[in-house]
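Here is the structure we will look at, set down as structure tokens.
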Amino acid sequence: MGTAILGTGAYLPERVVTNQDLEKIVDTSDEWIQTRTGISTRRIGGQGDETYRLAARAAEKALQMAEVSAYEIDLIIVATISSHMLMPSCACFVQKELGAGRAFAFDINAACSGFVYALDLADKYIQADPNKKILVIGAETLSSRTNWDDRNTCILFGDGAGAVVLGHVEGNRGVIGAKLFSDGNLWRLLHMHTAASCNPELVQSESPGAHIVMEGREVFKYAVKAMEEAIILLLDQEQVALDAIKLVIPHQANIRILNKLVERLGIRAEKVFINVQKYGNTSAASIPIALDEANRDSRMQPGDIVLLCSFGGGFTWGATLIRW
Numbered sequence: 012m013g014t015a016i017l018g019t020g021a022y023l024p025e026r027v028v029t030n031q032d033l034e035k036i037v038d039t040s041d042e043w044i045q046t047r048t049g050i051s052t053r054r055i056g057g058q059g060d061e062t063y064r065l066a067a068r069a070a071e072k073a074l075q076m077a078e079v080s081a082y083e084i085d086l087i088i089v090a091t092i093s094s095h096m097l098m099p100s101c102a103c104f105v106q107k108e109l110g111a112g113r114a115f116a117f118d119i120n121a122a123c124s125g126f127v128y129a130l131d132l133a134d135k136y137i138q139a140d141p142n143k144k145i146l147v148i149g150a151e152t153l154s155s156r157t158n159w160d161d162r163n164t165c166i167l168f169g170d171g172a173g174a175v176v177l178g179h180v181e182g183n184r185g186v187i188g189a190k191l192f193s194d195g196n197l198w199r200l201l202h203m204h205t206a207a208s209c210n211p212e213l214v215q216s217e218s219p220g221a222h223i224v225m226e227g228r229e230v231f232k233y234a235v236k237a238m239e240e241a242i243i244l245l246l247d248q249e250q251v252a253l254d255a256i257k258l259v260i261p262h263q264a265n266i267r268i269l270n271k272l273v274e275r276l277g278i279r280a281e282k283v284f285i286n287v288q289k290y291g292n293t294s295a296a297s298i299p300i301a302l303d304e305a306n307r308d309s310r311m312q313p314g315d316i317v318l319l320c321s322f323g324g325g326f327t328w329g330a331t332l333i334r335w
């Protein structure tokens, strides 16, 4: 018995931005972007695509698959770093959109690791009360937090949302375990300031603005090693062999990080689900979008062990094992 994923859903904005489109606004090229990131296209939100609306649309699809009504949901957790407002939370707006009147709702901020953090938290709630049904959503409109003059970051990010419905089930299905980490000492390598302080005594003089700032080469070095170690520690903790994993769904950061991680772990490429070429890096939405796509493509069968892993600003990172 355990905490199982009862349904998955995803939603992407309609607008597709290609590498050729980016060639018109920054000094870059399709070849340069694909070689360094593996990204060909990304989705960018338009009018009416606020983060909570993307989240709600993904949640509706997950609820439909799970055959669970919004009224049956007890808790909504949204992982995001790009809510359209600081208060109320994105999750509260999702609750309103869905009409989930019985649920309490809140956001968490763990950047690209937000979904695996939220999944672990939801698992703990269900372990404490098996009657609970929980929506966990990763949703981002990173286009609103991207410096479109910075060719090193604007090529990477996209918008979208992914959601899962979690509930208690009998049998051998469910979350097996997780290992989560953070290191605030390295925050300068990947961060995003908020809007300027209204208190002159608290103004951050070095702030370049409320957009993503990243030292890409340094992040690469830490990301691969951190995810590799988290996976190894988790497998050891749960006594699961690497060969027993049927599918790996990593955070879709860029293809170089993914290829290096696969190489260091010695995982066969066909076991790794990759869609970064279509959507770019969607931060907390990355894993649940990929999870839904893999699910609807029947990449997981009942009893399969699935590995999720991520790395993001904070730094935050971690891995989760699920028996499908």
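The opening position of the sequence shown corresponds to residue 12 in the numbering used here, with each subsequent residue numbered one higher.
In this text, a Cβ means the ideal position worked out from N, Cα and C, and glycines have one as well.
The three-state secondary structure of F284, taken from DSSP, is coil. One thing to note: A150 has its Cβ no nearer than 8 angstroms to the Cβ of C209. Under DSSP, the beta-bridge partners assigned to Y22 are A172.
When the Cα atoms are used, S154 and G182 turn out to be separated by approximately 42 angstroms.
Listed in chain order, the non-local C-beta contacts of A305 below 7 angstroms within the same chain comprise L258, I260, F284 and M311, local neighbours out to five positions each way being set aside.
Judged by DSSP in its simplified three-state form, W43 adopts helix. The C-alpha of Q250 lies about 13 angstroms from the C-alpha of T331.
The DSSP-derived three-state label of M225 is strand.
DSSP places W198 in the helix class (H, G or I) of the three-state scheme.
Taking 8 angstroms as the cut-off, the beta carbon of G125 is found no closer than this to the beta carbon of R54. Ranked by Cα distance from K282, the options L200, N270, K135 and I92 are led by N270.
Per DSSP, the beta-bridge partners of N292 are F168. About 10 angstroms separates the beta carbons of I36 and I166, which is beyond the 8 angstroms limit, so they are not a contact pair. For D161, the secondary structure class from DSSP, reduced to helix, strand or coil, is coil. Remark: fewer than three beta-carbon pairs, one from each stretch, lie closer than 8 angstroms, so the stretch 227-247 and the stretch 291-309 are not flagged as touching. Of the residues I278, L17 and A296, the one whose Cα lies closest to the Cα of K144 is L17.
The three-state reading of DSSP puts F117 in strand, counting E and B together.
For C123, the closest C-alpha among the options P141, I92 and R334 is that of I92. Across the set D131, V230, Y63 and F117, the C-alpha of Y63 shows the shortest separation from the C-alpha of A172. Distance from the Cα of I187 is smallest, within the candidate group Q138, W159, R47 and T52, for Q138. If you check the CB distance, I268 and A301 do not come in under 8 angstroms. Unbroken beta strand (DSSP E) runs of no fewer than 3 residues, entirely contained in the stretch 90-161, are found at 115-119 and 145-152, following chain order. As computed with DSSP, H179 is found in a beta bridge with T14. The beta carbons of L213 and M238 sit no closer together than 8 angstroms. R156 is the residue among D140, R156, M96 and K236 whose C-alpha sits nearest the C-alpha of T293.
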